[in-house]
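Chemist:
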Amino acid sequence: MALLDEDRLFPAEARSRDIARSLYSHVQDLPIISPHGHTDPRWYAENKPFPDPAELFVTPDHYVFRMLFSQGINLDDLGVRRVDGTAGETDPRAVWRLFAQNYHLFRGTPSRLWLDHSFQEVFGLEVPLSAATADHYYDHIADCLNKPEFLPRALFERFNIEAIATTESPLDNLGWHEMIGQSGWSGKVVTTYRPDAVVDPEFENFAGNVTAFGELTGCDTQSWSGYLEAHRQRRIFFRQHGATASDHGHPTARTENLPPKQAEQLFLKALAGNCSAGEADAFRGHMLTEMARMSLDDGLVMQIHPGAHRNHSMRMMALYGRDKGFDIPTRTDYVQALKPLLDAVGTEPKLSIILFTLDETAYARELAPLAGVYPALKLGPAWWFHDSPEGMMRFREMTTETAGFYNTVGFNDDTRAFCSIPARHDVARRVDCAFLARLVAEGRLAEEEAHEVAHDLAYRLAKQAYRL
Amino acid sequence: MALLDEDRLFPAEARSRDIARSLYSHVQDLPIISPHGHTDPRWYAENKPFPDPAELFVTPDHYVFRMLFSQGINLDDLGVRRVDGTAGETDPRAVWRLFAQNYHLFRGTPSRLWLDHSFQEVFGLEVPLSAATADHYYDHIADCLNKPEFLPRALFERFNIEAIATTESPLDNLGWHEMIGQSGWSGKVVTTYRPDAVVDPEFENFAGNVTAFGELTGCDTQSWSGYLEAHRQRRIFFRQHGATASDHGHPTARTENLPPKQAEQLFLKALAGNCSAGEADAFRGHMLTEMARMSLDDGLVMQIHPGAHRNHSMRMMALYGRDKGFDIPTRTDYVQALKPLLDAVGTEPKLSIILFTLDETAYARELAPLAGVYPALKLGPAWWFHDSPEGMMRFREMTTETAGFYNTVGFNDDTRAFCSIPARHDVARRVDCAFLARLVAEGRLAEEEAHEVAHDLAYRLAKQAYRL
Amino acid sequence: MALLDEDRLFPAEARSRDIARSLYSHVQDLPIISPHGHTDPRWYAENKPFPDPAELFVTPDHYVFRMLFSQGINLDDLGVRRVDGTAGETDPRAVWRLFAQNYHLFRGTPSRLWLDHSFQEVFGLEVPLSAATADHYYDHIADCLNKPEFLPRALFERFNIEAIATTESPLDNLGWHEMIGQSGWSGKVVTTYRPDAVVDPEFENFAGNVTAFGELTGCDTQSWSGYLEAHRQRRIFFRQHGATASDHGHPTARTENLPPKQAEQLFLKALAGNCSAGEADAFRGHMLTEMARMSLDDGLVMQIHPGAHRNHSMRMMALYGRDKGFDIPTRTDYVQALKPLLDAVGTEPKLSIILFTLDETAYARELAPLAGVYPALKLGPAWWFHDSPEGMMRFREMTTETAGFYNTVGFNDDTRAFCSIPARHDVARRVDCAFLARLVAEGRLAEEEAHEVAHDLAYRLAKQAYRL
C-alpha cells in the first residue's frame, strides 16, 4: 500500500487528468531551484545527522504544532522549548506518539501532503501514521537518520537541489557559508541579505545593531551616508557568498521616497531611539526605496513580503517566543503603499522586485495589475499560505489573466523543514500542471505551449528571476 | 416528475460523483443538530397548525420577499405588514399567486433549492411552481397544514431533529420553553442567551432594559458588579432551560479588555445615556470579554457574528421595520479586533468561541489562521450567506488547509423558516460530501477517512462543539 | 489548422460540455447589444479604412502594450506616441514584428483569446502568430483593411451589432452622431452622457468647462440652479442622439445627498477653484444623487464604475499621458458609500442604476446583497477585469445566489478595440453557458430553464436594462 496517490492533485476528469499527467511527466524530475528558504546553513556545513524524528518533523515546524495546539494540546507536551529554556516533554518518542495519535487533525491540510510525501519518498514508509504505527515510524526514521545516506548533504543531492538560498542578517559573519565553500562539496548554498536588524527602528537593539554594522564594515554608521555605504559594502560581501537577492518582511507594504535631508533626520531619530511608531514605519518604507536603488547598482533581486501580524498572542510570545504559529495575515494595500518606490524606480527593466502576499484578495485586484504593467515587478508564489494546493490554484486563477505567466517567478518553498522541500516543489509542479491541463482541456492553450509553460514554471522562471 | 435531482450538488464528473453519493448515503439520514436558529418556541409549545402557505413560505422569509422586492414588487402586495400595523394585500392566496408568477427570479439561488425541497419532501408536490400551478400548490399546502402530521411537533419529529436551539433575550421569561418542558413532549428545544438588549448601549431603551434585568434577577444592576452578577445568574437560568450557548451579533468584531474601573465608568455612562458611538462600541467590545470569562465558569459556548450593516434602507426601516432583507455585509477585521479578548482568554482549551463571518475575504486570510492556532476559537459555518452551496464550498476551500476540519463546527441553519431546516441540512451535507469527494478523487484523502469526516461534519462536530 | 477550439471555455467534463454546447448553439448567433463602449463614432460616420495592423491591434490597446511593457519592452518601440507628439518606432511593420515575437507573453490571458478570435474569424488567418509568421500576418491584414468588406460599417454589420453605445462629454457637439444619423445608414450607434468634465472639480479646466457648458445650453451655469438646468437640457440633447444612459467613473463609490444650500456652496467653491480634495469628492458624490434624480425624470439609465487609481505611474503619465495601462484597481466600499443615494432614491423601481466594480471582493459581500434588495440597483458585468473568462465565472459564482440572474444586465464589452467586440461577446456567452451547464449538470437548474436564462444573459437583459 502506498501513502501517496500517483495522480494526486490532478483533475478528476479523465481528459484533463491525462493532459496533467503528460505535462507533469516532463517536469517531475527537473532539478529544484529553492531561491527563498530558511534551512540552516550549518546543516550543510557540518553535515551531521539530524537528531530524531520529533526534532525533524514536529518540534521545529509551527505548521505542525500549531494545529495540535489549536485542538488543546499543550506545547510543553510537544517538547517545544519555552523562552526560559525549560522544556516539558523531553522524550522525543513521547512527543512523536502524541503527534501520531492526533494525525487525523491534518486531514485536508498541506502538512499532511508534505508529511506523507516525506514518510514515503524519503523514508520508504508505506503504512499510514496513527497511534498504532507510531513506534514503527519512530524506530524506522530514527534508524535511517544514522545512516550516511540521510546526512544533510546526501539528502540535498538525493532531492536534486540545484541551488538553495538561506537567509541571514547583515550582522552574520556567514561562517557556515564560508565553511561550505571551503569544504569542496559541490552543493550550491547561497545566502540572502535580510537587513531587518539594521533597517527596522523597532527591532530589538536597533542602535546597537547599527553600531555593530559599522564595526563589521568599517563605515561610519552613525552618519546617514556612512550607514548607506555600510549597506552597499555588506551587500557586496553577501554577493561574494552567493547572494543574488535581498529579503524584506515588513508589517505593511508601505514605501517612501523621502528627500535625503528628511531621511537623514529620521535615521538619526531612530538611532537615538526617539522614533514614533509612524516614523519607524516611514523609515522602513524609505529603506525599501534605498534598497531598490542599491539593487539597480549591484543587481540583487528584492523580495518584499508584507502583511503579517507577527506573534499575535502576547501570552504565547512571552512563554515560547517568536515563530510559534501566531503570525496572522492582515489586510494589505499595495496600490498606494508601493507608489513612492514605483515612482522612483518602477519602470526600470533591469530592476527585479518580487512581491509576495498573505492577503489573497490583492491578487486579482492589485498585484496582477501592478506586475502586469511595471517592468520592475514580478509576483512571488503563494507561499505564505504554506504552499497549499488550493492557494496555489487560486493564485494562478487570479493572476494569470492580468499578469500572464511570465510576470511570475516559479515556486519558492520558504521552509525550515528540510525533508518537505521535494514534497513542496512536487505539489507546486502538480498544481501548475493541473491548472495548465484545464486551460488545454478548455481550449484556451495549445498543449505544446502548455509543455513549455510547465517547464518555465517548474524551473526556468525561478532560475531567471533570481539570477541563479 | 420530480422537482429534485437525486444527485443534486454532487460533482458532474462520474468518479467524483460516485464517491460523493457513497459518502452522502451514509450521512443523509443522520439526525439534525440545529444549535443556532430562530424558530419560534411558541410553535412547539402550542403545537397549533401553521396558518397558510403564504404565511409559511413568503411573508416571514426575507430571503424570499427581498428578491421579489428587488425586481420592483411592492412589499405591501406581498402581505408584509408595515410598522403601523397596516397590511396591503390581506388575501394569502393573492400573495401566493404573485410569488408563484415570479418564481423564475429564484433560478440559481439557494432559496429555490430549499423551496423545491420543502415542496417535494414535506408536501409531496411534483409539478414545478409557476403561475399555472399556483392554485394547485396553494390548495394542496393549505390542505396539508390542517392535518395532524403537519403540526409543528409532528414535523419536528418527521425532520428527525435531535436538538434545536432558539434565541432569547435575557429579559425573556422563557415561558414557551417552560411549557414545552412541562408538556411531556420529548422534543429537545433549548434556548440561547442573546444579551443585546442589556449589553448594547445603543439598543432601544437600554437603561430601562438594565433596570428590568435587575428586577428579574434581584441584582443591583445600577452598579457594575451587580450588573455582571445579573448576567451570571441569568445565564444559569438559561442553562436550566437547556441553553448551552450565548449569541452575540455586533456591528464589528471589536473586543476590549478594559481595567475594571474603566469598564465601570463606561457602564455608568451608558446607563446615563451619555455614551458616544465610540464608547458604546468599546462597551459592547468589553462585554464580549466579560461573557468569555463567564463562559469559562459556566461552560456556555460563545457565538460571535459581526459585520452586518443592519437595516440599511432608512425608508424601509421606517415603513416596515427590522429584518426586511436590508442587512448588508461589510468588510470585517478580526485580527486586530479580537486581540484583546484573545490575549485575555484565547489560549484556554476549555473555552469555545465560535466565529461567524459575512465577509468571505476573512476566511483564508484571518479566520482560518486564527482558528488554526487558538484553542478557544472554532469557525462557524458559512451561514450568513444564506446557506448557499457556492458559499459553503468556498468556505471549505478557503479554511480547510489552514484550520483543518476539526476547528470547524458542522452546520447551523440559522433560520426562521421551519420547513427549510431539513433542506438546508441536506444542502450542507451534500456540499460537504462533494468537497470530500473531490479530495478523494484528487488523491488527497483516503476514502475511509472521508467517510469519517463526512459523519463528523454532518453530526458529531455540531453536537460536540455546542455541547448538546 | 484552426486557432480556436470549437469547444473553448466549456467545461472539460463530457456531460457538462454537451449541455454547454447545446445552450451555446442557441445563443451564439444572437445580435450583439453593446450598451457601454468606447469605439469612435467617427469610424461609423466617415467609414474610412482602418490604417494598418499595428494601429488596429497594438498601439491603441493598453491591454496589449502594457503586457509587453511589463516585460521590459519600450513603449517607444511599440509606436505608442508620447505626450510631446514624438513617436519612437514609426514603421508599423516593425511594431507588428516586435508584438509577434513576444506573442507567447499572452498565454493564458483574455487578450490572447480576443486576438486569436479576430485573426481567425475576422481575417481568416489559420496559422498561429509568431516571429515566423509576423510578416504573413501583417501583409494579409493590411490587404484586407483596404477591401470594402473591412470598412467600419461593413464590419459592424458582419459583427451583427444591433446597437452600440459610444461615450461623450456634455461639451461634445455629437457631430459624428449627427453625421451617422443623416447618412441614411441603418446602423444603430447611440451616445452616452458622461459628464466628468463638468461634475468633477478636479477635472482639468473645470471652471472653463462649466462656462462652456453654459454657452452650449444657454443656461446660467454660474448659478447652482442654472447649472442643474444645463444638465437637464444637455441630457435631453443626448437623448435626441439616442442616449439611453449616463456613465460615471469616480475614484470611489461615494455618494452624498446634501441640502440644496450646502450643495450650492460647494458648487460655487468648486467654480472658484477653492475646493479641498475632500470637498471635491463630496461634490462628485452629491452629483451622483442629482443625476439619479434627473434619471427619474428623463429615464436615462445610470452607470457607476468606481475604484480605479488612474494613471498610477507619475513618469508614464508625464511621458505618455492617460490610459496607458496604469489604472490600478483599489479596494472599494459600496455599503456606506452608496447609502446617501440609496436613501434618496434606492427604492424607486423606475430608476435603474448599474453598478460596476474592479474589486471582486465586493461581489458576494456587498454588491449582490445590495442589488438583491434595492429595486433601483442592477449589477453590471465583470468587465473591468478586461472580460476575463475566470473573472466572468467568479462573477456568476459570487453574485447569482444572492442577486439571482435578473438583477444583472447581460454583457458589456467596454472596449476601444473594434475587432475584439464579437470575440468578447462570444467569450461572455460561452462562460455564461458553461456556468449554466454546471448548474444543470449538478441538478440545480432544469435544462429548459437554462436555455431561457442563456438567452436572457446573451441578449434580452442588456436590451431591457439599457432600454435599447
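Chains as they are written, first to last, in our numbering: chain H, 16 to 483; chain R, 16 to 483; chain C, 16 to 483.
The C-beta atom is built at its ideal place from N, Cα and C for all residues, glycine as well.
Pull up the distance between the alpha-carbon of residue 353 of chain C and that of residue 320 of chain C, whole angstroms please.
Modeler: Answer to the nearest angstrom: the Cα atoms are 12 Å apart.
Chemist: By the DSSP assignment, the alpha helix (DSSP H) with residue 305 of chain H in it spans what residues?
Modeler: Start and end: 292–313.
Chemist: For a cutoff of 8 Å on Cβ pairs, would you count residue 420 of chain H as touching chain C?
Modeler: Output row for residue 420 of chain H: interface = yes.
Chemist: Using only the alpha-carbon positions, how far apart do residue 30 of chain C and residue 350 of chain R sit?
Modeler: Straight-line Cα distance between these residues: approximately 44 Å.
Chemist: Could you check whether the Cβ of residue 376 of chain C sits closer than 8 Å to any Cβ belonging to chain R?
Modeler: Cβ-Cβ to chain R under 8 Å: yes for residue 376 of chain C.
Chemist: Measuring only between beta-carbons, confirm whether residue 31 of chain H sits less than 8 Å from chain C.
Modeler: So, interface residue.
Chemist: Assign residue 340 of chain R to buried or exposed, taking buried as 16 or more other Cβ atoms, counted over all protein chains shown, within 10 Å of its Cβ.
Modeler: By the 10 Å Cβ count, residue 340 of chain R comes out buried.
Chemist: Just the chain R side, please: which residues come within less than 8 Å of residue 12 of chain C by C-beta, in chain order?
Modeler: The first residue shown for chain C is 16 and the last is 483, placing residue 12 of chain C beyond what the model contains.
Chemist: Helix, strand or coil: how does DSSP classify residue 5 of chain R here?
Modeler: Any answer about residue 5 of chain R is impossible in this case: the structure gives chain R only from 16 up to 483.
Chemist: Scan the stretch 24–102 of chain C and note each continuous beta strand (DSSP E) run of 3 residues or more that stays entirely inside, going in chain order.
Modeler: The qualifying runs are 47–49.
Chemist: Per DSSP, residue 183 of chain C forms a beta bridge with which residues?
Modeler: In DSSP, residue 183 of chain C forms a bridge with C:208.
Chemist: Only counting the same chain, and skipping five residues up and downstream in sequence, which positions put a Cβ closer than 6 Å to that of residue 368 of chain C?
Modeler: Taken in chain order, the residues that qualify are 317, 391 and 392.
Chemist: Helix, strand or coil for residue 381 of chain H per DSSP?
Modeler: Three-state result, residue 381 of chain H: helix.
Chemist: Got a sec: is the Cβ-Cβ distance from residue 357 of chain H to anything in chain C below 8 Å?
Modeler: It does: the Cβ of residue 357 of chain H has a partner Cβ on chain C nearer than 8 Å.
Chemist: So, is the C-beta of residue 249 of chain C closer than 8 Å to a C-beta in chain R?
Modeler: Output row for residue 249 of chain C: interface = no.
Chemist: Is the CB-CB distance between residue 442 of chain R and residue 396 of chain R below 8 Å?
Modeler: No, the pair does not count as a contact, with Cβ atoms beyond the cut-off.
Chemist: Consider the Cβ of residue 36 of chain H: report whether some Cβ of chain R lies at a distance smaller than 8 Å.
Modeler: No - not a single Cβ of chain R is within 8 Å of the one on residue 36 of chain H.
Chemist: Helix, strand or coil: which one does DSSP assign to residue 423 of chain H?
Modeler: Strand.
Chemist: Using a threshold of 7 Å, is the CB atom of residue 143 of chain H nearer than that to any non-hydrogen atom of the ligand FMN?
Modeler: The ligand FMN is not part of the structure shown, which contains no ligands of any sort.
Chemist: Mind listing which residues of the stretch 78–90 of chain H have their C-beta closer than 7 Å to chain R's C-betas, in chain order?
Modeler: Within the stretch 78–90 of chain H, the residues whose Cβ lies closer than 7 Å to some Cβ of chain R are 81, 82, 84, 85, 86 and 87, listed in chain order.
Chemist: Given that a residue counts as buried once 16 or more other Cβ atoms are within 10 Å of its Cβ, and exposed if not, what is residue 251 of chain R?
Modeler: Its Cβ having fewer than 16 others within 10 Å, residue 251 of chain R is exposed.
Chemist: Since residue 126 of chain C is in the beta strand (DSSP E), which residue starts that stretch and which ends it?
Modeler: Counting along the chain, residue 126 of chain C falls outside any beta strand (DSSP E), though it belongs to the alpha helix (DSSP H) covering 125–132.
Chemist: Should residue 295 of chain H go down as buried or exposed, given a rule of 16 or more other Cβ atoms within 10 Å for buried?
Modeler: Counting Cβ neighbours within 10 Å, residue 295 of chain H comes out buried, since at least 16 surround it.
Chemist: Using DSSP's beta-bridge definition, name the partner residues of residue 339 of chain R.
Modeler: Residue 339 of chain R is not bridged to any residue.
Chemist: Using a Cβ cut-off of 8 Å (strictly closer), state whether residue 103 of chain C contacts chain H.
Modeler: So no, residue 103 of chain C is outside the interface.
Chemist: Using three-state DSSP, classify residue 344 of chain R as helix, strand or coil.
Modeler: In this structure, residue 344 of chain R counts as strand in the three-state DSSP scheme.
Chemist: CB-CB under 8 Å to residue 312 of chain H, same chain, minus the five flanking residues each way: which ones, in chain order?
Modeler: 247.
Chemist: Would you say residue 437 of chain R and residue 136 of chain R are within 8 Å of each other, going by their C-beta atoms?
Modeler: Yes; because the gap between Cβ atoms is below 8 Å, this pair is in contact.
Chemist: Would you report the Cα separation of residue 483 of chain C and residue 272 of chain H, rounded to the nearest angstrom?
Modeler: Using only the alpha carbons, I get a separation of about 51 Å.
Chemist: Please report how far the alpha carbon of residue 337 of chain H lies from the alpha carbon of residue 292 of chain C, in whole angstroms.
Modeler: Rounded to whole angstroms, residue 337 of chain H to residue 292 of chain C spans 43 Å at the Cα level.
Chemist: Would you say residue 269 of chain C reaches chain R, if we count a Cβ-Cβ gap shorter than 8 Å as a contact?
Modeler: Cβ-Cβ to chain R under 8 Å: no for residue 269 of chain C.
Chemist: What residues from the stretch 315–349 of chain R come within 9 Å of chain H, judged by C-beta to C-beta, listed N to C?
Modeler: Cβ contacts with chain H come from 346, 348 and 349.
Chemist: Is residue 160 of chain H near residue 64 of chain H, with beta carbons less than 8 Å apart?
Modeler: Contact flag set, yes.
Chemist: Considering only DSSP beta bridges, list what residue 260 of chain H is partnered with.
Modeler: In the DSSP output, where bridge partners are listed per residue, residue 260 of chain H has H:316.
Chemist: Which residue's Cα is closest to the Cα of residue 133 of chain H: H:156, H:151, H:148 and H:150?
Modeler: For residue 133 of chain H, the nearest C-alpha among the options comes from H:156.
Chemist: From the DSSP output, in three-state form, read off residue 334 of chain H for me.
Modeler: Reduced to three states, the DSSP call for residue 334 of chain H is helix.
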